[in-house]
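Peer 1: Chains as they are written, first to last, in the working numbering: chain A, 723 to 1328; chain B, 1055 to 1376; chain C, 355 to 708; chain D, 55 to 599. Ideal placement from N, C-alpha and C gives every residue a C-beta, glycine not left out. Let me give you the structure first, and then I'll get to my questions.
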Amino acid sequence: MLDHPLATIENLRVEFQTKDGPVVGVEDVSFEIRPGETICIVGESGSGKSVSSLSLMRLIEYGGGDIAGGRLLFKRGNGDEIDLAKTDQSLMRTIRGNEIGMIFQEPMTALNPVFTVGRQLTEGLRMHKGLNKAEAEARALDLLKQVRIPEPERRLTQYPHELSGGMRQRVVIAMALACEPRLLIADEPTTALDVTIQAEILALMDRLKRETGTAVMFITHDMAVVAQMADRVVVMFRGKKVEEGAVEDIFERPQHNYTKALLAAVPKLGEMRGKAYPEPMKLLGKSDQNLDPIKGSDEVLLEVKHLTTRFPVKGGFFRRTVANVHAVEDISFTINKGRTLSLVGESGCGKSTAGRSLLRLVEPQSGEVHLDGKDIMALGSNDLRAARLDMQMIFQDPFASLNPQMNLMSQVAEPLQNYGVAKGQELQDRIAALFDRVELPRSFLRRFPHELSGGQRQRVAIARALALNPKLIVADEAVSALDVSVQAQVLNLMMELQAELELSYLFISHDMAVVERVSHDVGVMYLGRIVELGPRAAVFENPQHPYTQALMKAVPIADPRNRKDERELNFKPIPSPIHPVGYEAAPSEYREIGAGHYILTTDSGY
Amino acid sequence: MTDEIQAIEALQDNEPLKPHRSQWGEVWLQFRQHKGAMVGGSFLMLITIAVIFGSLIWTVDPGKLDIRAKDYRPIYTALWDSDAKTGWKHPFGTDQLGRDGLANMLAGGRTSMAVGWAAMLLSLFLGAMIGVLAGYFKKLDGPLMRLTDLFLSLPILPLLLVAVTLFRQPLRANFGPEGGMFILIVGVIGITSWMHTARIVRGDVLALKEREFVLAARSAGTTSRGIIMRHLLPNVVSPIVVSATFGLATAIITESSLSFLGVGFPSDFPTWGKMLADSVSRMTEFPERVILPGIAISLTVLAVNFLGDGLRDALDPRIRGR
Amino acid sequence: MLTYTIRRLILSVPVLLFIALIIFLLLQLAPGDPMAQVPLTVPPEVKQKMREALGLGAPWYIQFWKWLVQMFWIEPMVFIDWLTNHSSLLGWLPNTDFYTPCGPAVDGPCDLRVISWQTRSPVMDIIIQRMPQTLWVVGLAYVVAFFIAIPIGIYSAYKQYSAFDQAGTFITMIGFSVPPFFTGPLLIVIFSVYLGWFPSIYDTTHVVNDWESFVVQLKQMIMPVMVLALQVTAQISRFMRASMLDNLKQDYVRTARAKGLPERVVLLVHVLRNSMIAVVTVVALAIPGIFGGSIITERVFKVNGIGDALIGALFASDMPMVMTLTFIFAFLIVMANIIADVLYGVLDPRIRYD
Amino acid sequence: ERGSDGQVNVIYWQAPSIMNPYLSGGTKDVEAASLVIEPLARYDETGALVPFVAAEVPTVANGGVSEDLTTITWKIRPGILWSDGTPVTSNDAKFTADYCMNPEGGCAQAAFFDGVKSIETPDDMTLVITFNEPKPNPYGPLVGGQSPIIQAAQFADCTGAKAPECTEANFNPIGTGAFVVDEFKPNDVITLSANPNYREADKPKFAKMVLKGGGDAVASARAVFETGEMDYAWNLQLAPDVISKFEEGGKGKAITGFGPLVERLEMNMTDPSPDLPEGERSTVMHPHPILSDIRVREALSISIDRDLLVEVGYGQAGKPTCDLVPSPANYASMNDFCLTQDMDRAKALLEEAGWTDTDGDGVRDKDGKKLSLLYQTSTNAVRQDFQALIKQWWEEIGVETELRNLDASVFFGGDPGSPDTFQKFYADVEMYANTFNGTDPQQYLAAYRCGGEPKPSSQWQGENINRFCDPAYDALIDELGRTGDIAKRGEIAKKMNDMLTKDSHTIVGLVHRGRVSGQANTLGGHVLNVWDSELWDAAEWYRID
Ligand SMILES: Nc1ncnc2c1ncn2[C@@H]1O[C@H](COP(=O)(O)OP(=O)(O)OP(=O)(O)O)[C@@H](O)[C@H]1O
Ligand SMILES: Nc1ncnc2c1ncn2[C@@H]1O[C@H](COP(=O)(O)OP(=O)(O)OP(=O)(O)O)[C@@H](O)[C@H]1O
Ligand SMILES: [Mg+2]
Ligand SMILES: [Mg+2]
Ligand code: NI
């Protein structure tokens, strides 16, 4: 009985029509998913993971793709087996959302900007489960609580753009889980999430699987997550399945060269223990690597003092300001030339807002930002533009931050043209070189954002930020969507540039292992404040703030035999960063507990 | 298991690279593949060539009155009515004063097309510019939109009369009676018809500028000008294209009503709109006199519409190649 | 956004005054003479006397000031008096008597209302007299147009380049590019002359009080409504289609589909709401048009509504009438635009006003 | 039987705005008012006076007009009642005259009361009007559709500056005519019903009349001829082929009548060149460089084929003419010098005047100046056809012509600020039609007095549009004013007419235009009258079954 697969993918082939002729998204993939099983799909970025899953939903047609061959067998709730590849869309409609749920990779664009979260959540419930409005809302609230969104009641009435990247992702997850589907396709569901919440979500999925027998098709690049979750693993590479097997087998006895390379590239927490400075990763198969630690300089590049950013919360028909989101509350830090400061912290704690505030992409309420001695806050719009030559940003959601109507060449060329750095042939060469460095084929220069996989888009965003050789790069989850092999390359690239050009990074990430590898200093944020700030070694090896300690504990380990127990996780609910208009926040005060190692003494809410 | 793991090479192109094309190059390429756009475009081209060079082939003077040959029916009437007054001398018939229909269609088309296009482009330019500026720059929004309100509420007729009073003489002196009139008409139509476009574009821009890629462009140091030209305008082509189609039709029709007000071209200067308007009273007897210019206007507008569809699709990478 | 709305409303006062001033100056500057329709047999001296009697001799700022006083002080008094004395809504209030009409039997100070030069009667009375037919005909035409255009726009976007879409494109484009001064008489020739179904002349004195008279009313409205609706439908459906097309390719549509929502909901809820943002403008700009009437259609079918009053007044250079009508029109435009802007904010939460 | 024929529908495509002709002067308003209020006497279709409110038409013969032509005595018809039942008295008539002569009232018909010295009412039935000087034609005040009698009681408080404030009275005047106003919707529709106190017990035959306004001439014609919705349509100024096509509808016919209306070309005797400083353009300071030469004017005139113009533009409703005064017979010269087109002579005249085509471009020139004219008129389909035809003929004789058409409200409006009024005449030739009231052309001809031209100092007002000036003509004007004998007057007037046309070609007559109206076949009793209101005989109308 158990051997009766829920879904079988046989020789799937998907093609896309582009103006340069057809492109093969998936060449030949076959695997099956059994009820109650979690199958993880890992693989190179762009290998066809998302395309396979979209094909299973038959949504690929709407994106310009075409199932050119193969069968997609699915066993329905009533026992019938149908070939999804041939089912008509009206029948698919009763399957989608109800029997197969899907979590999308890019949370920003996946949500309708003009409807409240609550509306979008309840829709499917009322549709498939026939709930009335109140019931559906109750269930939606329940779902939001399950995905651990702080203040779920208020979120229901908020609009997607008012949520942080992670919160949006969790809304999308909640939406997919809403109808308790029999098959859940999760495309990088935890990519934008910090470890604590990731752990919660994984636990939630696990519970779902155990309790309702839901099968999960889990797409991720994060080997630690694979190790924690998977029953079986499918490895994909360049449009083909290259390996499949039980999770222990894959981890312990990888067969295919790619699988081996993948596993070898996984960064592990604790690897850097005892080392004072970050150093590039050793890449397999490459011999001529420079693995010197990157020291950086003692010269201050960026100095941030008492930075505070708040967003108004609107209510009522006329959407008046009723309160403020204290997204960033009195944070101060400095970054030296050639060094990396990482910001870690729970989703929604204000990391992105802090990064954006530095570039004044959102206007901070108060505070000072000095870049290389220049007072950023005082600049007029022209000077600000000039100043941005020295600081660039990689956005968290690469898809949303790329103009859908411009080809990648033009998008990467844009900053160069803006500042008149290069022209003509030189410009093209530079961009081609950038593409080489982020490991994208040059033919992609002619493509458009929607024709790329998530990871490929992210690499374009990185290339764009690197184009100008700025002094400071704010990298907001810059490598989170990349598979580990590419991630390692990109991280190495970033460090290489740092060593060469004395670049500084403000590195925003939730991946503690990555953070450990790249940073000189680490700031831990909680509810808009930095609760702990200090040299990486000090913070990682000797976390003092209770929140930091909890965070460290939640980091998953890439070992299938060492799974974390759900019971180990216990997090406090996150308090609200929203305060009524006129609320005075207390200033942040710190205690120095070691050389340059500070912890917050003001009540942070944790 | 000690055998060396091979490094994973980056994805390589397996075909030689095609040369890079600019954004507009891409659009053009795409545009050329759009069936509707090509049909519309070639039709428009045909009409344009016909009205520009047609008079070289059909050399009859459109203003020439031949009262004996008045009220000729178009040649096709002979198909069902052998008694009809037809002849190859006047394939499209003649009007009540014996002016040749075909020659008038050609000459009228020249004026109508010129006025239509020029006025439409002017109004689009004004509309798109004001709309984008108002939507993008918060400071300009108020003043520009109030300006739009003002223009929307100005009564057109007095405005026209004032324009004529003030500008006809100087324009006539500088550009001749017809050239001066052309500028005046185009100016007047353009200036009184940009407001819808402006408001629609502004509405779209207001929403667009909150998108993250605009933020990203700003952080990449794109100037406001660049953001407008590269990121906002291509994303608002849809409404602009629709406005363009309507703008063309309205301009052609408006031109004809202008000449009633004595603001338009001299009465012996044919245009499609005027031919249509003049013949309405003889609609039942000589339907061709309304239908021919009517069809010409409609088809031109239709062609522009298809062209616009093509342009929009061409600018939209998601529909490309499909 | 309430502050925004209030600010806009307050700001609209000087804006409207400014618009009034500009319109007034424009009308002053425009050539044209209220005596143009007086036959040439009337000697110029007499015409000059008549002009003076109309108050044309006074400098423009005095004329403007007079108009302002009449429009914003005296007319409201008349209106309040009417409300408290005659209207069923506020008739229960004690009768007020702010307005002292001029005319026989009154000596001493009296209030002069805005008087039309053509008819020598209060402009407001004429406007009120003409409003019903304009609202009936033009209003109905817009309503019909909305109800036809929105579905057409949605469906042709959804099935882009289908036969339906192509046919729709064809018809709307023809419909728009053929002017009403042609379609109007065409309909009359077909339906009034050949078929004899509908009257070619609209009877403004017709009173609807039973089914039969309602049918008569319907018959006389059908043709003007059709002519107008054709134009409006063309416009709105095109904008609707374009806007829908833009939104259909967004990612959230995929999410909505992934939820298993039926296409109807995907289109009519998710895409439509986003598309409406652009269409709201078109609709909002059309609303003043309903009150402004339609010049050509009203003329062709002799509906004699507001549009006809305006064009008649323009040709007769009836300054007070033109001024008042255009001002009311300007007022409606400003208000409609405020509503549209507020609606943007409501429809699209990303748009921020403060 | 009064009211036995139900309802009659009349369409005026220019809708009446007011029922008081003293406040409007617009033809449509005068005619609508004529249904309700009546003058002492009207002109009939032959141009003869017939008494209406008066008992008879006073003449020198019957002693009603004094021998010295300075007083006229009217007797009110006995027993005549206002529609409210009160009797009409001479006091009403006197009141009407005072009403219009009030300098603050801006009376549109003030010209009819010109030269009135005093008005007395010796008794309720007698009205004596005394003039300042002998009036050869004393039938101005209170005669004809333009100056009907209004009720003193109704308008008592509406005199002078207060005149416009009496909306109610202006819309619903109490009168003696066949109908009374039930509802007046300005510029839209007037509903009237039979006057219960009308002086003839069995009239009017129609119980109701609806006078609908709006639309255009084509639509009105259609309503009468094709759909039959309307019984009578006013002023169908349409091309003859259009009208005859409509008549095929079979529901009605076009009726025509001729007054003194002449479509003419006016030659500008002064220089309209834009190069002149403002204030000197088109003034007597600068004679016209081309048109001052009579030979050019004559050439322009005789190169026109008037028969063709009539055929194209007016058909039955037009006759070719060379005159300014084409009727009545007593005053009409009936010149025929221009009636045959003579291109050769025209060319010869131009040659003679020194205009030759030296550069072979088809346009004559002299001293390096082209023979090029700007020809303007008001916008109207027939006029545009005329322009096209005339331009063609002129180009044939080597005259380059630029056409301009202007909105009628601007062209005929006297706005001194506009360059486009017919008075300012910033063109070389202009075309329009004009006529005179009643049957006497004295005032009409008097317009062409030296100094009577529009000029900056007179705010561009004035009737001498051509800027014609001839002392001999001025002398004739004075003589005509003094002459009472009808035959003698005719002679003088003809001479004056000839001076303007045949002898100088200053005014080039084109078409003697008639009025065309449309009448349903089922409407009887109507005679088209061009000398008075078209609705003058509404009391006689009846329905033919
Ligand atoms: N609409 C499209 N048009 C053309 N090519 C496409 C399109 N969508 C995807 N592709 C291509 O198909 C391949 C597979 O993409 P897919 O999105 O499945 O990758 P993925 O495995 O999900 O990668 P990632 O981990 O980076 O998200 C990629 O090479 C991508 O460039
Ligand atoms: N435009 C906005 N309007 C209102 N609130 C906002 C807006 N943008 C962000 N917020 C709020 O500010 C807080 C911080 O958001 P931010 O995006 O900085 O989080 P983050 O740390 O980047 O989280 P994540 O890791 O999930 O991306 C959140 O509570 C979010 O809801
Ligand atoms: Mg993917
Ligand atoms: Mg973030
Ligand atoms: Ni990750």
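Let me check understanding here. Comparing Cα to Cα, which of K424(D), I203(D), V581(D) and C220(D) lies closest to Y469(C)?
Peer 2: Looking at the sequence itself, residue 469(C) is Ile, so the reference to Tyr does not match. Comparing Cα positions, the closest option is C220(D).
Peer 1: Look at the alpha carbon of V969(A) and the alpha carbon of H624(C), and state the distance between them as a whole number of angstroms.
Peer 2: Rounded to whole angstroms, V969(A) to H624(C) spans 41 Å at the Cα level.
Peer 1: CA-CA distance, S247(D) and G231(D)?
Peer 2: Between S247(D) and G231(D), the C-alpha separation is close to 11 Å.
Peer 1: Any residues whose CB sits closer than 7 Å to a heavy atom of ligand 3? List them in chain order?
Peer 2: Counting every residue whose Cβ lies closer than 7 Å to a heavy atom of ligand 3, we get K771(A), S772(A), Q827(A), D909(A), E910(A), I941(A), S1175(A), G1176(A) and G1177(A).
Peer 1: Return yes when the C-beta of D519(C) is under 7 Å from any heavy atom of ligand 4, and no when it is not.
Peer 2: For ligand 4, not one heavy atom lies less than 7 Å from the Cβ of D519(C).
Peer 1: Hey, how far is the Cα of G506(D) from the Cα of M550(D)?
Peer 2: Roughly 16 Å separates the two Cα atoms.
Peer 1: Please list, in chain order, all residues of the same chain as D59(D) whose beta carbon is under 6 Å from its beta carbon, the five residues on each side excluded.
Peer 2: These residues qualify, in order along the chain: K259, F260, Y596 and R597.
Peer 1: In angstroms, rounded to a whole number, what distance separates the CA positions of G1375(B) and Q739(A)?
Peer 2: Residue confidence is low: G1375(B) scores 41 on pLDDT, short of 50, so the model does not pin down where it sits. No coordinate-derived value is stated.
Peer 1: Is L499(D) near ligand 7, in the sense that its beta carbon is under 7 Å from a heavy atom of that ligand?
Peer 2: Among the ligands present in this structure, namely ligand 1, ligand 2, ligand 3, ligand 4 and ligand 5, ligand 7 is not found.
Peer 1: Under three-state DSSP, which class holds S1335(B)?
Peer 2: Reduced to three states, the DSSP call for S1335(B) is helix.
Peer 1: Can you give me, in chain order, the residues of the stretch 848-865 of chain A that have a beta carbon less than 7 Å from any beta carbon in chain C?
Peer 2: Listed by position, the residues of the stretch 848-865 of chain A near chain C (Cβ gap below 7 Å) are M849 and H850.
Peer 1: Three-state secondary structure (DSSP) at T1056(B)?
Peer 2: A caution first: T1056(B) carries a pLDDT of 41, below 50, which makes its placement in the model unreliable, though a value can still be read off. If DSSP states are grouped into helix, strand and coil, T1056(B) belongs with coil.
Peer 1: Find out if the Cβ-Cβ distance for the pair T1148(B), F1323(B) is shorter than 8 Å.
Peer 2: No, the Cβ-Cβ distance between T1148(B) and F1323(B) is not below 8 Å.
Peer 1: If you follow the alpha helix (DSSP H) that V1261(A) is in, where does it begin and where does it stop?
Peer 2: Looking at the DSSP string, the run of the alpha helix (DSSP H) that includes V1261(A) is R1258 to E1263.
Peer 1: Considering only C-alpha positions, which residue in the set L1110(B), R1153(B) and A1104(B) is nearest to K1143(B)?
Peer 2: Taking only the C-alpha atoms, the option nearest K1143(B) is R1153(B).
Peer 1: Between K424(D) and chain B, is the shortest Cβ-Cβ distance under 8 Å, so that the two count as touching?
Peer 2: Judged by the 8 Å Cβ criterion, K424(D) is not in contact with chain B.
Peer 1: So E1051(A) contacts chain C; which residues on that side make the cut at Cβ distance below 8 Å?
Peer 2: Chain C residues near E1051(A): none, gap ~22 Å exceeds 8 Å.
Peer 1: For H1092(A), decide whether its Cβ has a neighbour in chain B, counting only Cβ atoms nearer than 8 Å.
Peer 2: For H1092(A), the answer is no, since every Cβ of chain B falls outside 8 Å of its Cβ.
Peer 1: Just how far apart, CA to CA, sit P23(D) and G538(D)?
Peer 2: Residue 23(D) is absent from the model: chain D starts at 55 and stops at 599.
Peer 1: How many angstroms separate the CA atom of S629(C) from the CA atom of V764(A)?
Peer 2: For S629(C) and V764(A), the distance between alpha carbons rounds to 38 Å.
Peer 1: Measure from the C-beta of V396(C) to each C-beta in chain G and report whether the shortest distance is under 8 Å.
Peer 2: Given the protein chain composition of this structure (A, B, C and D), no chain G is represented.
Peer 1: Please report the straight-line C-alpha distance between L626(C) and M594(C), rounded to a whole angstrom.
Peer 2: So the two alpha carbons sit approximately 9 Å from each other.
Peer 1: Restricting to Cα atoms, I'd like to know which of E1080(B), G1094(B), L1220(B) and A1104(B) is closest to A1161(B).
Peer 2: Answer by Cα proximity: A1104(B).
Peer 1: For F669(C), decide whether its Cβ has a neighbour in chain D, counting only Cβ atoms nearer than 8 Å.
Peer 2: So yes, F669(C) belongs to the interface.
Peer 1: Chain B partners of D702(C), CB-CB under 7 Å?
Peer 2: Result: A1261.
Peer 1: Check whether the stretch 1272-1280 of chain B and the stretch 1129-1137 of chain B touch, using three or more Cβ-Cβ pairs below 8 Å as the test.
Peer 2: In short, these stretches do not touch, since the Cβ pair count stays below three.
Peer 1: Please go through the stretch 526-573 of chain C and give each complete alpha helix (DSSP H) segment of 4 or more residues, from N-terminal end onward.
Peer 2: Listed in chain order, they are 534-541.
Peer 1: The alpha helix (DSSP H) spanning Y527(D) covers which residue range?
Peer 2: Its alpha helix (DSSP H) spans residues P525 to R536.
Peer 1: Measuring only from the beta carbon, is G1339(A) closer than 7 Å to any heavy atom that is part of ligand 2?
Peer 2: Nothing can be reported for residue 1339(A): it is not among the residues displayed for chain A, which extend from 723 to 1328.
Peer 1: Based on DSSP bridge pairs, tell me the residues matched to A729(A).
Peer 2: Looking at the DSSP assignment, A729(A) forms a beta bridge with I755(A) and F796(A).
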